[in-house]
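Notes for the one structure printed next.
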Amino acid sequence: MNRDAKIGWFRLAALRAFAFTVVLLLIGRAAAYEADLGTLTRKAQAAAVKIYGAGGAGLEAYQSGFLVSPDGHIATAWSYVLDVQPIVVLDDGRRMDGTIVGFEPELELAIIKIEASELPYLPLSDTMPEIAEPVLAVSNLFGIASGDEPASVMQGMVAAVTSLDARRGTFKTPYSGPVLILDLVANNPGAAGGVVIDTQGRAIGMLGKELRDASAGVWLNYALPAMKLRPAIADIVAGRTVAEQSQKSVPLPADKSQSLSLLGIGLVPDVLEVTPAFVDRVIAKSPAASADLRPDDLILLIGNTRIESQRMLVDTLRFLDRRDPVVLTVQRDSRIVSIKIQL
Amino acid sequence: MAKVFPVIYRIVLFVFSLLSLSSPVSADDSLRLLRAKAIREAAQRIAPSIVRVEKFGVAESSGEVADDAPTVAMAIDNQNHFIASSLVSRKTATSLVLVAEDGTRSTAKVVATDNHRQLVLLQSSEKLGVPAVIFEEAESEVGQTVVAVGRIAGDGSIAVSSGVLSAKERLWGIALQTDARVSSVFYGGALINLKGQLLGVLIPAVPDDMGEEATAWYDAGVAFAIPSAAIKERLPLLVKGEDVNSGLMGIVAKSNDPYVESTEIAAVRPRSPAARAEIQSGDIVASIDGTIVRSHREIKQLIGSKDAGQDLIIELIRKDDRLTKTVTLAESIPPLRPQWIGIAAEEQNTSDDKEAPQVIITGIFDDSPAGKSLQVGDALKSIDGTEVASIESLRRVIFSADADEPLNFRVLRKDAAGESSEVEVPLNSSDMASKLPETLPTSLLYAADRETKWKVAELSLPDIANKGFIAAPELVNEEAAGGPELGLLLLLANPGDADLENQASGWLESAKKLGVLVCVLSPANAARWQPDEIDSAGRVVASISKRYPVSEVMTAVGGVSVGAGSSMAMAVAIGRPGKFAGLAVRPDVTPPAIRLRENEASAPLQLLLRGATNPDEPSWAAALEKAGYAVLRGNDDNETLLRWVRSMSRI
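In the order they appear, the protein sequences are chains F and G.
Just so you know, our numbering puts the end of the first sequence at 406, numbered straight through with nothing missing.
Just so you know, our numbering puts the end of the second sequence at 805, numbered straight through with nothing missing.
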């Protein structure tokens, strides 16, 4: 056979096969995309549970949760709903009494145990997702599903990965800690404790309680990252600890904390509801004077904490140990100046 | 050498076969992840230009979204200029600070404001080393994927929200619309396409006639962005420190329904750009900047995207002529000073059915401009050469007239012998606010059958939770009442007011005497009036109008006494133009926190300050007068109030 012809035949066949494969690949991919979503959804719904407990006076008596072990451990949000022994309704409609076996107040996480085995559960992701990561949120928001009806699913993505921290002025909320901000309207009554999964069906977060950001006034759509929940869940499931109320930051005793008089700072009279922290006088030879703080400086930040008013300045100082330096960011005319005051 | 080809193809084939056989395909390959990657990369392309805006020292804020809410801004050049949403300057702050991605801070000041598009140009006092966004021609098709990019306050992480481009030329021609969930950390940020190209700058906005806070629709699936091309065009002005404002023309539509297929101009506002361009009442607008228009809504849409100082070319039809005028739009028009001449009129069909109805004078007010020169029975033919086609258009021409310019009336008048002849009557209008009529001409008096019984009845309002009692003629078999036209006064009770029925009974006698229905309405909630009840008041009026012959121009709202009811009445009357023709409150009422819009000649509102004597009080009355509202002062008794309601039909 002519060698050239042979090559020609091969090339043609290869091209044909190539084109055919590409077509197959595209069809396969589109179909798989649908199948993927369907499978993922069912998988997440199967592990989602409806939780009923205390409520009343405008508060809903229900929330959501999801199974984190085959033996009936359920992760959910720690809330007033759990003030009574909760009733858990599984995806298959089974109704069971739940026992609270542990909670982690800082993450607002509670673990409920039910007496059952070989249950479908969701593995917890051990990495932080990136922004724009596609997610599904599964919860019983507004209590729409009951009995063996599957929980509600919402589609969206991770809008931001950040940390709620009242003292740094990120979002002024009662909860502070890491969060996934979600690009979907997820946090509605009953959604707390719902699960957020990634494209591989791993739980990457748990929907938190309804939360309003006090600095902007807006409601937040967020989830607590699974990566942060994992250690606490593992401990509780293994029966190692039942977390106690952890050390929330509290003001230091007056003889240990920082204060304006100690630093040598006098502010303008506090006459408004929100009086800006303008320096009126700096006591001669005081720590503030040695650090070159000057009258008319406007105090904007202490460390990373945004100072919105004189009251907030005084409050913030009460949390600082007087042995540590105070780092101020001030505005002097139109310049931003950083000042470190050491007692 | 040639032998290499098949080998390569075989390898390629093998790899592809593997991919296609691994079913389901691995999640990494899914379209969702590809889309996520595209969104992430697009966002990261523009993110370096986005800085955070911090406001310090803002006094307590109103609204759901705080006035010192953290927002963002974008660098637009290397001269330290940033574009941001005007939310940053809405309330005075002691200090505005920009924060770059690396945490560097600089103070900033407002260089100029685009009031039309709700943007501000900021300049930082120090270099932040932030790259400028690129204003490039970018694909933007309705339906395409778009991404909103902002920054979270505090740690400054990037925030994204994706959606589709829902519409263009929203908010009267100025904005793109998207369903991305946009809240404060996105305001001033970028709306981009999947290539990372800037389509627009995100702003908080709510359409004007919704009367809500600009931020009320955060995260609502309806968000707006100002297109980058419009911003680029105006940057040179803004950098020079010149503010940009929306352009006004000063024409008054003939119908108060902007959708009606008519572009006739009923009146031209005195000293407005339209007046300077010698546009006249009666002109019909054929096109604007070459675009043919069929309704006043279309005219408004075309003017909507223009700024003050910009020209537009307007083509008019005047009688048999076609005229082209260039109008330079203005930032403001001298406020309306509502005018009257002091007549009551009605439309009468002529004997020849084909002709338009005639507008006949039925009454003349004492001591009014018309008193000496017009007569009862006169048929108004034309004013300044423009035909008087209806009472509605007559009302508008007079309302927005200029007191210094005489109006030339042509009227058809019968003499003692019954002979009709046309006469010219020159007449100057006067300020409506200068006089509250003390008496009504006979034709406006209520002349119902004295046998008609009036009583107080409970209103049944199936779709709202408010309760109401109405002093009105007794309905026979619940059938709609006929008879002469009635006025309507809706009085909003204060939260917690007991015994509305008794309150309504107190009005019964004067209501019957003057022919004005009086309805006392309670809030849905015993604790307070809520903003969404603004529309309930309109619904109550609609439901009453179904049963009684209520005249639209004799419909007023007020509060039963000083308190939340009166404040709510102000919110209702000013917030929803066209629903009420009059507003009656006492001068010591607390004005509600609503946007004060200019009074419109096409849907005018007049105010009666009950029991006000001092012309300098209350302090807010001046602001209302400046916005073109007629503010009248009168006694605080029931009859004065109801006589005013009936007099509202005066022209």
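Virtual Cβ for every residue (Gly too), placed ideally from N, Cα, C.
Quick caveat: nothing in here was measured; it's all calculated off a predicted structure.
| Item | Value |
| --- | --- |
| Same chain only: Cβ atoms within 6 Å of Val179 (chain G), ignoring 5 sequence neighbours per side | With a pLDDT of only 45 at Val179 (chain G), under the threshold of 50, the placement of this residue in the model should not be trusted; the figure read from the coordinates follows. Cβ neighbours of Val179 (chain G) beyond the five flanking positions: none. |
| Run of the alpha helix (DSSP H) containing Lys215 (chain F), from where it starts to where it stops | The sequence as given places Ser at residue 215 (chain F); Lys does not occur at that position. From DSSP, Ser215 (chain F) is part of no alpha helix (DSSP H) but of the beta strand (DSSP E) over 215-227. |
| Burial state of Ala570 (chain G), where buried means 16 or more other Cβ atoms lie within 10 Å | exposed |
| Residue environment, Ala295 (chain F), which counts as buried when at least 16 other CB atoms sit within 10 Å | buried |
| Distance between Pro168 (chain F) and Leu383 (chain F) (C-alpha atoms, nearest Å) | 24 Å |
| Neighbour flag for Leu147 (chain G) against chain F, beta carbons, 9 Å | In the structure as shown, chain G starts at 155 and stops at 805, and residue 147 (chain G) therefore has no counterpart that could be examined. |
| Assumed close pair Arg335 (chain G), Arg206 (chain G) - CB separation to whole angstroms, cut-off 8 Å | Incorrect: roughly 19 Å between the Cβ atoms, too far for contact. |
| Selection of the stretch 303-316 of chain G by Cβ proximity to chain F, strictly under 9 Å | Gly304, Arg305, Ile306, Ala307, Gly308, Asp309, Gly310, Ser311, Ile312, Ala313, Val314, Ser315, Ser316 |
| Contact with chain F by Ala190 (chain G), beta-carbon distance below 9 Å | yes |
| Top-ranked residue by Cα proximity to Glu212 (chain F), from F:Ser324, F:Val259, F:Val112, F:Leu103 | F:Val112 |
| Own chain partners of Leu170 (chain F) with C-beta closer than 7 Å, once the 5 adjacent residues on each side are dropped | Gly240, Leu287, Lys291, Leu292, Ala295 |
| Beta bridge counterpart(s) of Leu361 (chain F) as assigned by DSSP | F:Phe341, F:Gln394 |
| Cβ contact (3+ pairs, closer than 8 Å) linking the stretch 399-408 of chain G and the stretch 276-285 of chain G | no |
| Gln529 (chain G) - DSSP class collapsed to helix/strand/coil | coil |
| Cross-strand partners of Tyr600 (chain G) (DSSP beta bridge) | Paired residue(s): none; Tyr600 (chain G) is not in a bridge. |
| Which of helix, strand or coil DSSP assigns to Asn347 (chain G) | strand |
| Neighbourhood of Leu392 (chain G) by C-beta distance below 6 Å, restricted to the same chain and skipping five residues each side | Ala266, Leu275 |
| For Ile450 (chain G), the first and last residue of its enclosing alpha helix (DSSP H) | What sits at residue 450 (chain G) in the sequence shown is His, not Ile. It spans 450-458 - the alpha helix (DSSP H) in which His450 (chain G) sits, taken as one unbroken run. |
| C-beta contact flag for Leu581 (chain G) and Pro523 (chain G) at 9 Å | yes |
| Where Ile859 (chain G) meets chain F, residues with beta-carbon distance less than 9 Å | Any question about residue 859 (chain G) goes unanswered here, given that chain G covers just 155 to 805. |
| CB contact check: Pro328 (chain F) to chain G, cutoff 9 Å | Here the sequence assigns Ile to residue 328 (chain F), which means Pro is not the residue at that position. False, the Cβ-Cβ gap to chain G never drops below 9 Å. |
| Opposing strand residues paired with Gln493 (chain G) [DSSP bridges] | G:Asp585 |
| is_contact[Val331 (chain F), chain G] using C-beta, thresh 9 Å | no |
| Reference Thr540 (chain G), options G:Leu561, G:Asp333, G:Gln529, G:Asp532, closest by Cα | G:Leu561 |
| Exposure label - Thr480 (chain G); buried when at least 16 CB within 10 Å | exposed |
| Spatial distance of Ile90 (chain F) from Met217 (chain F) (CA atoms) | Low per-residue confidence applies at Ile90 (chain F): pLDDT is 47, beneath 50, and the placement is therefore not dependable enough to give any value. |
| Where the beta strand (DSSP E) containing Ile299 (chain F) begins and where it ends | It is not in any beta strand (DSSP E) - Ile299 (chain F) instead sits in the alpha helix (DSSP H) that spans 289-300. |
| Endpoints, alpha helix (DSSP H) assigned at Pro427 (chain G) | 427-430 |
| Chain F residues whose Cβ lies nearer than 7 Å to that of Ser279 (chain G) | Ser397, Arg398 |
| Whole-angstrom distance between Gln760 (chain G) and Glu639 (chain G), CA atom to CA atom | 20 Å |
| CB contact check: Val258 (chain F) to chain G, cutoff 9 Å | no |
| Identified DSSP bridge partners for Glu208 (chain G) | G:Val251 |
| Anticipated Cβ contact below 8 Å, Leu644 (chain G) with Val711 (chain G), distance rounded | 5 Å |
| Buried/exposed call for Lys191 (chain G), threshold 16 Cβ in 10 Å | exposed |
| CB contact check: Ser382 (chain G) to chain F, cutoff 9 Å | no |
| Chain F contact residues for Ser260 (chain G), given Cβ-Cβ distances below 7 Å | Ile399 |
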